[in-house]
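Chemist: Count along the sequence shown from 1, add 10, and you get the number used in the working numbering. Beta carbons: idealized from backbone N, C-alpha and C, even for Gly.
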Amino acid sequence: PYRTLKKLQKSETDARRRREFRTEIYKRWMTALAPFLFVLIGIGYGTVRGRAVRSGAAMTAIMVIIPFYILQTACENWAYAGKLPPFLAMLIPNLMLLG
Numbered sequence: 011p012y013r014t015l016k017k018l019q020k021s022e023t024d025a026r027r028r029r030e031f032r033t034e035i036y037k038r039w040m041t042a043l044a045p046f047l048f049v050l051i052g053i054g055y056g057t058v059r060g061r062a063v064r065s066g067a068a069m070t071a072i073m074v075i076i077p078f079y080i081l082q083t084a085c086e087n088w089a090y091a092g093k094l095p096p097f098l099a100m101l102i103p104n105l106m107l108l109g
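#1: Out of L107, A84, G109, F46, which one is the CA nearest neighbour of A99?
#2: Does the separation of the CB atoms of Y36 and F78 fall below 8 angstroms?
#3: Would you say E86 and T41 are within 8 angstroms of each other, going by their C-beta atoms?
#4: To the nearest angstrom, how far is it from the Cα of M106 to the Cα of M69?
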C-alpha cells in the first residue's frame with residue numbers, strides 16, 4: 011500500500027490530491043507510532059497498586075484517548091485543507107501524548 015500511495019502521488023499533478031496522499035502516508039506512520047506512546051502512559055499506572063488507582067487509570071485512559079482521537083481528526087482535516095503541512099498535522103496528536 012505504501013508503494014502504491016507513493017506511485018500515485020508522483021503521478022498526480024493536482025496539488026490537492028498530492029496533499030491528500032501525503033497526509034494519508036503520514037497518518038499511517040503516526041498512527042502506528044501512537045500505541046508506543048500510550049504504553050509510556052500506561053507504565054506509570056501499571057506500577058502503582060491499589061483498587062482506586064485502577065479506576066482512576068481507566069478514567070485517565072478515556073480522558074486521553076478521546077481528545078487524542080478528536081485532535082487527530084481535526085489535524086487530518088487541517089492537512090487536507092492545506093492549513094497545516096501533512097507531516098506536522100499528523101505529528102501534533104503524538105506530541106500531545108508526550109506532553
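Modeler: According to the structure data:
#1: Locating residue 99 in the sequence shown gives position 89, counting from the first residue. The residue with the shortest Cα to Cα distance from A99 is A84.
#2: One-based indexing of the sequence shown puts residue 36 at position 26. One-based indexing of the sequence shown puts residue 78 at position 68. No, the pair does not count as a contact, with Cβ atoms beyond the cut-off.
#3: Translated into the one-based positions of the sequence shown, residue 86 becomes position 76. Translated into the one-based positions of the sequence shown, residue 41 becomes position 31. No, they are not a contact pair.
#4: Residue 106 sits at position 96 when you count from the first residue of the sequence shown. Residue 69 sits at position 59 when you count from the first residue of the sequence shown. Rounded to the nearest whole angstrom, the C-alpha separation of M106 and M69 is 18 angstroms.
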